[in-house]
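J.: Protein chains in written order, with full-length UniProt numbering: chain A, 1 to 429; chain B, 1 to 429.
Just so you know, even glycine gets a beta-carbon here, dropped at the ideal spot from N, CA and C.
Bear in mind the structure is a predicted one, so any value in this text is a computation, not a measurement.
#1: Is there at least one Cβ from chain A nearer than 7 Å to residue 329/B's Cβ?
#2: Which residue marks the beginning of the beta strand (DSSP E) containing residue 385/B, and which one marks its end?
#3: For residue 60/B, count neighbouring Cβ atoms within 10 angstroms of its own Cβ and tell me buried if that reaches 16, exposed if not.
#4: So if DSSP puts residue 342/B in a beta bridge, which residue, or which two residues, is it bridged to?
#5: Which residues in the same chain have their Cβ closer than 7 Å to the Cβ of residue 163/B, if we skip the five residues on either side of it in sequence?
#6: What residue range does the beta strand (DSSP E) around residue 202/A cover?
#7: Which residues in chain B sit within 9 Å of residue 334/A, going by Cβ to Cβ distance?
#8: For residue 296/B, report the span of its beta strand (DSSP E) as first-last.
#9: Which residues of the region 281 to 301 of chain A have a Cβ closer than 9 Å to any Cβ of chain B? Give them in chain order.
#10: Could you tell me whether the Cβ atoms of residue 205/B and residue 109/B are closer together than 7 Å?
#11: Using a Cβ cut-off of 8 Å, which residues of the region 187 to 213 of chain A contact any Cβ in chain B, in chain order?
#12: What residue range does the alpha helix (DSSP H) around residue 434/B cover?
#13: Please list, in chain order, the residues of the region 95 to 129 of chain A that have any C-beta partner in chain B closer than 9 Å.
#14: Can you find a CB in chain B that lies within less than 7 Å of the CB of residue 220/A?
#15: Of all the options 295/B, 238/B and 119/B, which has the alpha carbon lying nearest to the alpha carbon of residue 396/A?
#16: Can you give me, in chain order, the residues of the region 358 to 387 of chain A that have a beta carbon less than 8 Å from any beta carbon in chain B?
#17: Could you give the distance in angstroms between the alpha-carbon of residue 377/A and the alpha-carbon of residue 290/A?
#18: Tell me, which residues are paired with residue 5/B by DSSP?
#19: Helix, strand or coil for residue 458/A, going by three-state DSSP, please let me know.
#20: May I ask you to report which of helix, strand or coil DSSP gives residue 428/B?
#21: Name the chain A residues whose beta carbon is nearer than 9 Å to that of residue 310/B?
#22: For a test of the three-state rule: what should DSSP assign to residue 417/A, helix, strand or coil?
#23: Express the C-alpha separation of residue 92/B and residue 344/B in angstroms, rounding to a whole number.
#24: On the DSSP letters alone, give me the boundaries of the alpha helix (DSSP H) that residue 140/A sits inside.
#25: Is it true that the region 265 to 281 of chain A meets the region 270 to 280 of chain B, where meeting means three or more beta-carbon pairs spaced less than 8 Å apart?
#26: Does residue 269/A get closer than 7 Å to chain B when you measure Cβ to Cβ?
#27: What are the residues in the region 229 to 249 of chain B lying within 7 Å of chain A by C-beta distance?
#28: For my contact list, residue 217/B and residue 389/B are in at a C-beta cut-off of 8 Å; report their separation, rounded to the angstrom.
#29: Could one say the Cβ of residue 430/A lies closer than 7 Å to chain B's Cβ atoms, at least one of them?
#30: Determine whether the Cβ of residue 9/A lies closer than 7 Å to any Cβ atom of chain B.
#31: Give me the Cα-Cα distance between residue 103/A and residue 372/B, rounded to the nearest whole angstrom.
#32: Report yes if the C-beta distance between residue 400/B and residue 105/B is below 7 Å; otherwise report no.
#33: Could you give the distance in angstroms between the alpha-carbon of residue 101/A and the alpha-carbon of residue 317/B?
#34: Check this for me: beta carbons of residue 243/B and residue 138/B, under 7 Å apart or not?
#35: Might you give, ordered along the chain, the residues of its own chain that have their beta carbon closer than 7 Å to the beta carbon of residue 111/A, omitting 5 neighbours on each side?
#36: Hey, could you find the ends of the beta strand (DSSP E) residue 77/A is sitting in?
Following this line, the structure appears as structure tokens:
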């Protein structure tokens, strides 16, 4: 008996209650694995807390009858083998690490949701046709070592053990030593790079305020934006704030101020999904009675379409150059980060839409303005992402929150999707 | 035989050569009194270097036949007694202290110029009718302790020993202890407050680029600007730079940027002598991928007319409020410094103009955008200021420079003025 007949409202509500209970219990058991100090959750790669969290997840995997396996990086897989074991696996999951003093949902929710979904599916429908896996990725945030997407990047072949040579954390501990201390490293478990993935689905909190603002429980991600980041240095001339007449000034901060407002106006004019941000600004000499001689700031630009991203960056560098020139200022723009947009798989998005439809759960299509593990996996397999609302749009903060019902609605869609991908005959990839 | 017959060009050139030589020698002997460390001059109040400089000045005073006297604050006076000793003195001079790593001209030039002028006058014309004094004021910059104009303010009764109670420098040394260590303090010498000043004339480098730009050797100051300084705090909401659509942002830095450009545009529109400066800006959290939640900046506004100064401050606080409101930002403007403009004495300015005319030295009237000791003295006696050019408009820097001939032209006008004020019968005040 498959998951095809429509559920009654009562059945759906009972299922949601069950998923609520299991996903929040899992989240709670992971969120206690946190370094002390702040009010939020701090679980950095290869720390004691991180290892405790992976062990708690592994224990839960075993408890619900999955085969728990690590790879050499510390990625943890919980496998529910399918009848056609030669067919590529369907994988869901997210990352177990957090930022410093972050929330309990970012990353961990995707793992807990996958476990809750597989627990339900296995109990209700038994062995799937294709293997289903939940992955607890070791690292995404780049909060301890200067490398991000270590977990998903290693699976996708975008990161390798060469990349971590010589890396140390803020206290001088080497990446290699910290990894070894936790029992991981080349040859300890199995190679991280994988080829046998049929599809990857990541469920994550939105980390923005769009779903909450529109009162929608689910977002289906069309694309993860590409990002480009720049350092802009504006050089003028430091001068006495009293004795330098306005027309004789070469005020670097005033020039920067004009650039920042131009950036916003043009970004608003062009509209979503473009976002452009000046997040950091340093002024020199930065004293009240001296005309600023130098201003340095960052520009972060994101868009889901490579051409439009490129066009905006070309526009602003030229517009900044003109703004500088008209003020007698010198300017240098240096790009220091470039990530291409990642498109989510069309067929998988259709499957998610169908799952939402079957469950009577409204959703919207949207772009992810933040980077996610799914962008790494999208390079080697069809990948998709689902969002649930973040209260106040807040993340990377102890204030991060999604209601238990909000969490369960995401799990319900995920479960229905995994059923479709893992149990239904016509979904062999 | 008085200084009334016109000089030939040759006589004038010879006199300028003499003044060049004496003023530069004096400046050099003072500029070696400097704390090590930077390429510039560092002579902070009540330090070893400061005391050495005052002693060098006192020695020079004695050498040229002046009576050297300190007051309790460490102000040093070199007195050339006049025939009518009951008449108020004519005083010239400036401050002996410097900023950290400053130049050798700011302050010290006014003292060296006064000594060079009196040396010449005494040698050439003997005893004046009215007493002439050169003052080496102990402190103006406020670079060691959080108090400025300590020297001139004490003479004018605008500072008292009560004001320095509890003040300490950056290393925790108390003002009182540092003063005592140098041999100064209440009752050590004579009371600083004075009533018997007929006029005060301060010769100073311009610290701006106007004279150099216009190719003029002398500036006659009409007024020292009033200053008002504010701290402006703009509060928005820190948010994820990727997931927060542009219209949902409350970007404190973007708001600040708009305010900074507005301030400049309006100041340029209103024209000199108004100047408005945002010299310091701090952003929070100040990281590349977070929309800034908070921006704090200073506003420094100066004008020689109190009403226009007030009007501009009212304008910008309201304009900033509207800019904040239209962006959903909160704003607080707090004034933390208010100094009224100081008008220079009309008759003295006429005397300076006459002296310039007699010496064939072109000049322009101008406003001083920087604060000076003359503003303190102007509260108790007719006061005036003369400027000589600053190369590149630079001051408070090792780059500070005025050519020897430029220095001497200032001394020549000062000497002619002091002759008029001290030696001519009709200039009793």
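T.: Looking at the atomic coordinates:
#1: Taking the second chain and counting its residues from 1, the one referred to as residue 329/B is at position 329. Among the residues facing chain A, residue 329/B is not included, as its CB has no counterpart in that chain under 7 Å away.
#2: Counting from 1 along the second chain, the entry for residue 385/B is found at position 385. From DSSP, the beta strand (DSSP E) with residue 385/B extends over 383 to 388.
#3: In the second chain, residue 60/B corresponds to position 60, counting from 1. Burial of residue 60/B is indicated by the presence of at least 16 other C-beta atoms within 10 angstroms of its C-beta.
#4: Residue 342/B sits at position 342 when you count from the first residue of the second chain. Per DSSP, 224/B.
#5: Working through the second chain from its first residue, we reach residue 163/B at position 163. Once the five neighbours on either side are set aside, the close Cβ partners of residue 163/B are 147.
#6: Translated into positions along the first chain, residue 202/A becomes position 202. Looking at the DSSP string, the run of the beta strand (DSSP E) that includes residue 202/A is 197 to 205.
#7: Locating residue 334/A in the first chain gives position 334, counting from the first residue. Counting only Cβ-Cβ distances below 9 Å, residue 334/A has no contacts in chain B at all, with the closest Cβ about 13 Å away.
#8: The sequence position of residue 296/B within the second chain is 296, counting from 1. It spans 294 to 303 - the beta strand (DSSP E) in which residue 296/B sits, taken as one unbroken run.
#9: Answer in chain order: 281, 282, 283, 285, 286, 287, 288, 289, 290, 291, 292, 295, 297, 298, 299 and 300.
#10: Here residue 205/B refers to the residue found at position 205 when the second chain is read from its first residue. Here residue 109/B refers to the residue found at position 109 when the second chain is read from its first residue. In this structure, residue 109/B lies closer than 7 Å to residue 205/B by Cβ.
#11: Cβ contacts with chain B come from 206, 207, 208, 209, 210 and 213.
#12: A query on residue 434/B cannot be resolved here, the shown segment of chain B reaching from 1 to 429 and no further.
#13: Those would be none; no residue qualifies.
#14: Within the first chain, the letter at position 220 stands for residue 220/A. Not one chain B Cβ lies under 7 Å of residue 220/A.
#15: Here residue 396/A corresponds to residue number 396 of the first chain, with the count starting at 1. For residue 396/A, the nearest C-alpha among the options comes from 238/B.
#16: Result list: 368, 369, 370 and 371.
#17: Here residue 377/A refers to the residue found at position 377 of the first chain. Here residue 290/A refers to the residue found at position 290 of the first chain. Each residue's alpha carbon lies about 51 Å from the other.
#18: Here the question's residue 5/B lines up with position 5 in the second chain. Residue pairing by DSSP places residue 5/B opposite no residue, since no beta bridge is assigned to it.
#19: The structure shown does not extend to residue 458/A, since chain A spans only 1 to 429, so no value can be given for it.
#20: Counting from one through the second chain, the residue named residue 428/B turns up at place 428. Because residue 428/B carries a pLDDT of 46, less than 50, the predicted location of this residue cannot be relied on, and the following value inherits that uncertainty. Judged by DSSP in its simplified three-state form, residue 428/B adopts coil rather than helix or strand.
#21: What you label residue 310/B is simply residue 310 of the second chain in a count that begins at 1. Contact note: residue 310/B does not reach chain A at a C-beta cutoff of 9 Å; the least C-beta distance is about 18 Å.
#22: Position 417 of the first chain, counted from the start, is the residue given in the question as residue 417/A. It is helical.
#23: The residue given as residue 344/B occupies position 344 in the second chain. The residue given as residue 92/B occupies position 92 in the second chain. A direct Cα-Cα distance of roughly 14 Å separates residue 344/B from residue 92/B.
#24: Looking up residue 140/A in the first chain gives position 140. Taken as a continuous stretch (DSSP letters only), residue 140/A belongs to no alpha helix (DSSP H), as it is neither H nor E.
#25: With a cut-off of 8 Å, the region 270 to 280 of chain B and the region 265 to 281 of chain A do not count as touching, because too few Cβ pairs lie within range.
#26: To locate residue 269/A, count along the first chain from 1; it is residue 269. Using a CB distance cut-off of 7 Å, residue 269/A does not count as an interface residue toward chain B.
#27: If the cut-off is 7 Å between Cβ atoms, the region 229 to 249 of chain B has 229, 239, 240, 241, 242, 243, 244, 245, 246, 247 and 248 near chain A.
#28: Within the second chain, the letter at position 217 stands for residue 217/B. Within the second chain, the letter at position 389 stands for residue 389/B. The C-beta separation of residue 217/B from residue 389/B comes to about 7 Å, placing the pair in contact by the 8 Å criterion.
#29: Past the edges of chain A, shown from 1 to 429, lies residue 430/A, and the structure says nothing about it.
#30: In the first chain, counting from the first residue as 1, residue 9/A sits at position 9. No - not a single Cβ of chain B is within 7 Å of the one on residue 9/A.
#31: In the first chain, the residue the question calls residue 103/A occupies position 103. In the second chain, the residue the question calls residue 372/B occupies position 372. In a straight line, the C-alpha of residue 103/A is about 55 Å away from that of residue 372/B.
#32: As a working note, residue 400/B is residue 400 in the second chain. As a working note, residue 105/B is residue 105 in the second chain. It is a contact, given that the beta carbons lie within the stated cut-off.
#33: Within the first chain, residue 101/A is the residue found at index 101, counting from 1. Within the second chain, residue 317/B is the residue found at index 317, counting from 1. Cα to Cα, residue 101/A sits roughly 37 Å from residue 317/B.
#34: Locating residue 243/B in the second chain gives position 243, where the first residue counts as 1. Locating residue 138/B in the second chain gives position 138, where the first residue counts as 1. Between residue 243/B and residue 138/B, the C-beta spacing is not below 7 Å.
#35: Counting from one through the first chain, the residue named residue 111/A turns up at place 111. If the five residues before and after residue 111/A are omitted, its C-beta is found closer than 7 Å to the C-beta atoms of 57, 93, 94, 96, 134 and 136, all from its own chain and listed in chain order.
#36: Indexing the first chain from 1 puts residue 77/A at position 77. Run containing residue 77/A: 76 to 80, per the beta strand (DSSP E) assignment.
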